[in-house]
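Its first residue numbered 856, the sequence shown is counted upward by one per residue in the working numbering.
For each residue, glycine too, the CB sits at the ideal point set by N, CA and C.
These numbers come from a predicted model, not from an experiment.
One structure is given here, and the rest of the page talks about it.
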Amino acid sequence: MSKFPEQLAYLAEPSAYMDRVRAATHIDSLRAAVRPWRELFPDAALTVARLTSADWEDWRWLVDHSAKEYRQKAIRERVEALTIKWGAILLPENLILAGLVAQKFGTPWGCALIRMAETGTLRKPSQHVTTDSEQQEESK
């Protein structure tokens, strides 16, 4: 891995990525927020590439409601449906894995992510990220 995002340092927390993603005010700023992290979080990069302008309102709704009012059934169902579609942007796989490594070895999250990248132990997703419903359609 030749270059890390400028926000990534050994003492960085996942918020270095997540705060920028959540703060995006339009689709271009969301893509710009994910772009520096694309080599570390390829599932997020692939998923954000599929997000269209028509999806933007639903995306913002998800970001605004994913941690709020979740106990209401109608909101919970919508959050779950949208998270299946765009969850890789909110919580990329390697972000989770680095957190697990950091916890196991008692290191900062940024240190774990950087070392995983340097040692080639980051996961690489398939070129086509599918949702459960897409997988069911493909198996028919």
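Inset, instruction - Consult DSSP for P860 and reduce its assignment to one of helix, strand or coil. - result: Three-state DSSP puts P860 in coil, outside helix and strand.
Legend entry - Close Cβ partners of L885 (< 8 Å) along its chain, the five nearest in sequence each way excluded: Close CB contacts of L885 within its chain, under the 8 Å cut and outside five residues either way in sequence, are with V876, A879, V903, L906, W914, I944 (chain order).
Legend entry - Proximity to Y872 [Cα-Cα], best of D919, P980, N949, F960: Among D919, P980, N949, F960, the Cα nearest to that of Y872 is on N949.
Legend entry - Continuous alpha helix (DSSP H) assignments of at least 4 residues falling wholly in the region 876-905: Listed in chain order, they are 882-889, 897-905.
Inset, instruction - May I have the straight-line CA-CA distance separating Q982 from V889, to the nearest angstrom? - result: The predicted model places Q982 with a pLDDT of 43, which falls under 50 and marks its position as unreliable; any figure quoted below should be read in that light. Inter-residue distance for Q982 and V889 is about 17 Å (C-alpha atoms, whole angstroms).
Legend entry - Counted within 10 angstroms of its Cβ, other Cβ atoms place A1005 as buried (16 or more) or exposed: Look at the range of the chain in this structure, 856 to 995, and you will see that residue 1005 is not part of it.
Inset, instruction - Note the first and the last residue of the continuous alpha helix (DSSP H) segment covering A936. - result: Per DSSP, A936 belongs to the alpha helix (DSSP H) from 928-945.
Inset, instruction - Can you grab the Cα-Cα spacing for the pair G975 / E861, in whole Å? - result: Straight-line Cα distance between these residues: approximately 20 Å.
Inset, instruction - Note the first and the last residue of the continuous alpha helix (DSSP H) segment covering L917. - result: Where L917 is concerned, the enclosing alpha helix (DSSP H) stretches over 911-920.
Legend entry - Beta-carbon proximity of L977 to L895, cut-off 8 Å: Result yes, Cβ atoms of L977 and L895 sit closer than 8 Å.
Inset, instruction - Tell me whether D919 is buried or exposed, calling it buried when 16 or more other Cβ atoms sit within 10 Å of its Cβ. - result: Classified as exposed, D919 has fewer than 16 neighbouring CB atoms from the shown chains inside 10 Å of its CB.
Inset, instruction - Taking K959 as part of the alpha helix (DSSP H), name the residues at either end of that continuous run. - result: First-last of the alpha helix (DSSP H) with K959: 948-960.
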